[in-house]
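Structure first, then comments.
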């Protein structure tokens, strides 16, 4: 039987981000450049997954390499306030917060949708409990897709056949009435006509530098299903890279990449029908490692990384996957089938989960969010481009400004951040859960269940602005009683903490 402890929570403030080290040699790390106030006690640092590319450009920023001379736990105890350097005043529906700002934990994800002739300057201000702070910054160059995909590098699809230079189809574009073959998307921008329906959209493993979107007026284009690098690939090892898909209605399964990197999926309306699922990625990665085609070795199937899901409306039998250097931001998730969580993440490393609505669940024992891991191996210093991390810990995750639960849910626990069961040795560390709203159903006994080390719970509230119920499931600061983990994997827990006050750069 669970021992419950009630922790009073402070009022919501703003939030934060967590970021990641990057994928390519162009990633920059700038320590304390041109700080407005350079306090010697703090050495700030910021890195980005990408520093250039055409709009829409998704980037994860990571300031967790910042240090404080006091030796404080920099991930959990310092406050990080980010500004994306974009004048965009748009806000997220769930939280009402500005999209371009986050304050709290050290990770932050943002999508740049407006090209600029001058780079965007991203700043982070890092502050300790004594009020001392310093800033770091990095520049992001966002190019115009009309230039990058000029002329025949853009394809407009519609029936009747579109006219280039009219109705929103760019001048000089190729025009056709049917979708491209799966292996024909590389170096293409493919625009589907609004108000029309198409078949299955499949972007092959070999695809690189791809944008798929919509043109014209009216409702979003409809596709029967969507997959991005979901298979094993051809005779040569290749995986999708730098792919962005947005503004579609998907009336079937979505399958994310087996491997690959820098995939953005944005503003999809995903409609469940029957047993439709939404797979973030990595679902079949282990299978292909064990059964590699064409003489490939297992090393040809590193985990997919830098996956970005922004502002999608996902109604599925379940949404799941593994996330490495990735972000789930501004989405709505609803589980439509029994025996499914609204969102289940098998393992995550350097991931930001913010401004989402994770509500309905499939039955009375599932959760709005379930986060566990693959094992107890420390993979935080491994090369993310070759990483096989099925047995890795979940490490460095920020979960902020989300809405969890639903009044009609019948489950006992709303959010579970712990091993998937008491017999699995699954390590979880450095997870910040802050400024979230928990909506209780009739059977709710625990809002937030935590089992791991260095886990923070701060600024969380119920929908009535009251205290949430946090529970460490019988574990203590130095004890993993009841779990197949050594005691080093449980505690400390930073519970009953107030929301952090932002100090914007």
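In my numbering, the protein residues as written are -4 to 500.
Think of the CB as a built atom: it goes at the ideal place given N, C-alpha and C, for glycine as much as any other residue.
Do residue 400 and residue 386 have their CB atoms nearer than 8 Å? no
Taking buried to mean at least 16 other C-beta atoms within 10 Å of its own C-beta, is residue 17 buried or exposed? Reliability of the predicted coordinates at residue 17 is poor, the pLDDT of 28 falling under 50, and no value is obtained from them.
CA nearest to the CA of residue 364, picked from 67, 374, 395: 395
Going by DSSP in three states, residue 201 sits in which element: helix, strand or coil? coil
Buried or exposed: where does residue 360 fall if 16 or more other Cβ atoms within 10 Å of its Cβ makes it buried? exposed
Within 7 Å: the Cβ of residue 363 and any heavy atom of the ligand PLP? For the ligand PLP, the structure offers nothing, since it holds no ligand at all.
Please confirm if residue 92 has its CB atom under 8 Å from at least one CB of chain C. The chain labelled as chain C is not found in the depicted structure, where only one protein chain is given.
Report all residues from its chain with a CB closer than 6 Å to the CB of residue 415; omit the five preceding and five following residues, and keep chain order. 367
Contact check, residue 305 vs residue 253, beta carbons under 8 Å: no
Please report the Cβ distance between residue 172 and residue 156, rounded to the nearest whole angstrom; I am assuming they are in contact, meaning their Cβ atoms lie under 8 Å. 5 Å
What number of angstroms, rounded off, separates the C-alpha of residue 91 from the C-alpha of residue 109? 21 Å
Output yes or no for whether 8 Å exceeds the beta carbon distance between residue 188 and residue 165. no
Whole beta strand (DSSP E) runs in the segment 306 to 377 with 3 or more residues, listed along the chain? 308 to 311, 314 to 324, 327 to 330, 338 to 349, 364 to 366
With H, G and I counted as helix, E and B as strand and the rest as coil, what does DSSP make of residue 236? strand
Check whether residue 114 and residue 135 have beta carbons under 8 Å apart: yes
How should residue 290 be labelled, buried or exposed, when 16 other C-beta atoms within 10 angstroms of its C-beta is the threshold for buried? Within a 10 Å sphere around the beta-carbon of residue 290 sit fewer than 16 other beta-carbons, which makes this residue exposed.
Is the distance from the Cβ of residue 207 to the Cβ of residue 240 below 8 Å? yes
Can you tell me the Cβ-Cβ gap for residue 70 and residue 96, rounded? I've got them flagged as a contact below 8 Å. So it is not a contact: roughly 20 Å between Cβ atoms.
Per DSSP, which residues does residue 106 bridge with? Please list them. 53
Within 8 Å, strictly: CB atoms of residue 412 and residue 426: yes
Do you know whose CA, among 362, 390, 117, 139, lies nearest residue 373's CA? Selected option, being the one with the closest Cα: 390.
Which stretch, first to last residue, makes up the beta strand (DSSP E) that contains residue 142? Unbroken run through residue 142 is the alpha helix (DSSP H), 140 to 143; no beta strand (DSSP E).
Where the beta strand (DSSP E) containing residue 69 begins and where it ends: No beta strand (DSSP E) contains residue 69, which is instead part of the alpha helix (DSSP H) from 69 to 72.
Where does residue 10 fall in DSSP's three states? The predicted model places residue 10 with a pLDDT of 29, which falls under 50 and marks its position as unreliable; any figure quoted below should be read in that light. Looking at residue 10 - three-state DSSP - the assignment turns out to be coil, as it is neither helix nor strand.
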